Amino acid sequence: MTIHGEARVYCPVCQARFKFAPGWKEGDEVICPICGQKLTLRLTGSEWIGERPEKGAETEIRERVDEYARLKGYVFNDMKEELLEGLIAKNRRFGDFYCPCRMEHVPEFMCPCKPTRGGDVERSGKCYCGLFWKGR
Amino acid sequence: MAHKPKVYALTTCPYCKRTRRFLDEHKVAYDCIEVDQLDDAKQDEVLEEIEKMTGRRSFPVVIIGSEIIVGHDEDKLRKALKL
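Residue numbers (this note's numbering), protein chains in the order written: chain A, 878 to 1013; chain B, 23 to 105.
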């Protein structure tokens, strides 16, 4: 898909489209710059789609939260492992990595949730469940 | 204590687990409702109840007498339970 003539890649986690970088090709592994998800590039018709290579695996969520924190300059505290356990339990029971502290199992609350991607950590110093914290 | 404390928790929430662990460690008998394990109709009913009591849908919620504690807060738990 192109927006104003620019190729974009659809991320199935944050459901946003990010810029296709020059040199990328089908099958490449890239990181979504919006949510930190690792994706394999696939061309479907005329649209570039990012495929989750390890959908539902513990490594997927661990890599995603680490990448997201790295991209945004956020840090974790000693609750990280317990919150990851909660995310893994959410995936087991409700089919994806939804926020462990919320009741709603909808795409906007897949970790990192939409309010977090919208700047909650910048405003409040942390995300809703306290996984991501604003670094110094 | 006239009534047993009541805890509303999510099974995936680590703060809820800490609150329950705290009560267990202090040998406090309590009733726990695991909200995410309820069927849809009961869940809606309980969530409305929680929202009416606390003004939000945050967990855990602990009710000790007339005291309502939202979130894991050991100081507030100690005070309310006179520990």
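Each residue gets a CB set at the ideal place from its N, CA and C atoms; glycine is no exception.
Please read these numbers as outputs of a predicted model, since none were measured by experiment.
What does residue i reach in chain A if we use C-beta pairs closer than 7 angstroms?
i, result
"B:Arg79", "Met980"
Does any residue of chain A bring its CB to less than 8 angstroms from the CB of residue i?
i, result
"B:Cys54", "no"
"B:Leu32", "yes"
"B:Asp58", "yes"
"B:Pro27", "no"
"B:Leu45", "no"
Is residue i close to chain B? Criterion is C-beta to C-beta, closer than 8 angstroms.
i, result
"A:Gly904", "no"
"A:Met987", "no"
"A:Glu937", "no"
"A:Pro977", "yes"
"A:Leu918", "no"
Under the assumption that residue i contacts residue j (Cβ atoms under 8 angstroms), give the Cβ distance between them as a whole number of angstroms.
i, j, result
"A:Glu906", "A:Pro889", "Between A:Pro889 and A:Glu906 the Cβ distance is about 15 angstroms, and since that is not below 8 angstroms, they are no contact."
"A:Tyr975", "A:Pro992", "Wrong, their Cβ atoms sit about 13 angstroms apart, outside the cutoff."
"B:Met75", "B:Ile55", "Actually they do not touch by this definition, with Cβ atoms about 13 angstroms apart."
Could you tell me the boundaries of the beta strand (DSSP E) in which residue i lies?
i, result
"B:Lys28", "Lys28 to Ala31"
"A:Glu883", "Glu883 to Tyr887"
"A:Phe895", "Arg894 to Lys896"
"B:Cys54", "Asp53 to Glu56"
"B:Glu89", "Glu89 to Val92"
"A:Val890", "That residue, A:Val890, is in no beta strand (DSSP E); it is neither H nor E in DSSP."
"B:Val83", "Val83 to Ile86"
At 8 angstroms on the CB atoms, spell out the chain A contacts of residue i, in chain order.
i, result
"B:Leu69", "Met980"
Name the chain B residues whose beta carbon is nearer than 8 angstroms to that of residue i?
i, result
"A:Lys967", "Thr34"
So with CB distances below 7 angstroms, who are the chain B contacts of residue i?
i, result
"A:Gly963", "Thr34, Cys35 and Pro36"
"A:Leu960", "Pro36"
In the DSSP assignment, find the alpha helix (DSSP H) that holds residue i and state where it starts and stops.
i, result
"B:Val68", "Asp62 to Thr76"
"A:Val998", "Asp997 to Ser1001"
"B:Thr41", "Pro36 to Glu47"
"B:Leu99", "Glu96 to Leu103"
Exercise. Would you list, in sequence order, the uninterrupted beta strand (DSSP E) runs of no fewer than 3 residues that lie entirely inside the stretch 905-943 of chain A?
Key: The qualifying runs are 906-908, 915-921 and 924-928.
Quiz item: Considering only residues of the stretch 937-990 of chain A, which uninterrupted alpha helix (DSSP H) runs meet the minimum length of 4 residues and lie entirely inside it, listed in chain order?
Solution: 957-971
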